[in-house]
Amino acid sequence: MRVLGIDPGLRNMGWGVIDVNGSRISHVANGICHSSGADLARRLMSLHDQLTDVIARHAPETAAVEQTFVNKDAVATLKLGQARAIALLVPAQAGLEVGEYAPNAVKKCVVGVGHADKRQVDHMVRLQMPGIEIAGPDAADALAIALCHAHHAQSAGRLAAAVRRAS
């Protein structure tokens, strides 16, 4: 299974692609889509185009996006929500199922602590995929989201197999 993880952001949208074969996980690619344009519409279109290219190049079978957290700045939260819409829309346009995970759930899955900081997430991603080069903190977060989705998909697969055997 090839998994695309996306860390939504209006300026920097991190992405990471991993392959999962049983319990074996391997890194495929990671990067950051940097928005460009003078206005919000152009920046969103820029992110859309870049993420569409990532999917075309790496052909994931499923995708996962981090859920938005609400902060005190309503305008910033709204803009992040619009970037998140791009992160959900592009994989859906490619026919992919998209999982969504809360930031604390991703951190708990990858680090073991729901309130881990970015350094801890980066460290654990590197431990699970030694020797990889990570494009930046947003890409590390995206790889963590992909790892979380892979873990949940494997658990769901084991549960479905157990239910089939029991019936």
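According to the working numbering, the sequence shown is numbered sequentially starting from 1. Even glycine gets a Cβ: it sits at the ideal position worked out from N, Cα and C.
With fewer than 16 other Cβ atoms from the protein chains shown falling within 10 Å of its own Cβ, SER167 counts as exposed. Annotation note: the region 100 to 129 contains the following uninterrupted alpha helix (DSSP H) runs of length 4 or greater, listed N- to C-terminal: 103 to 110 and 118 to 128. With three or more CB-CB distances shorter than 8 Å, the region 10 to 19 counts as touching the region 30 to 42.
The alpha carbon of GLU133 has as its nearest neighbour, out of VAL28, VAL113 and PRO91, the alpha carbon of VAL28. C-alpha of VAL110 to C-alpha of VAL98: approximately 19 Å in a straight line. In the DSSP assignment, MET13 falls outside any alpha helix (DSSP H) and lies within the beta strand (DSSP E) extending over 12 to 21. CYS33 is bridged by DSSP to MET13. Counting C-beta atoms within 10 angstroms of its own C-beta, LEU78 has fewer than 16 neighbours from the protein chains shown and is therefore classed as exposed. Nearest C-alpha to LEU44 among ALA135, ALA83 and GLN93: ALA83.
Ranked by Cα distance from VAL17, the options GLN50, ALA85 and ALA59 are led by ALA59. Here PRO8 is actually not in contact with VAL54; their C-beta atoms are around 13 Å apart, not less than 8 Å. PRO91 and ALA116 have their C-alpha atoms some 28 Å from each other. Under DSSP, the beta-bridge partners assigned to GLU66 are TYR101.
Under DSSP, GLY5 takes part in a beta bridge, and its partners are GLY16 and ALA64. Excluding five sequence positions before and after PHE69, the CB atoms of its chain that fall closer than 7 Å to its own CB belong to PRO103, given in chain order.
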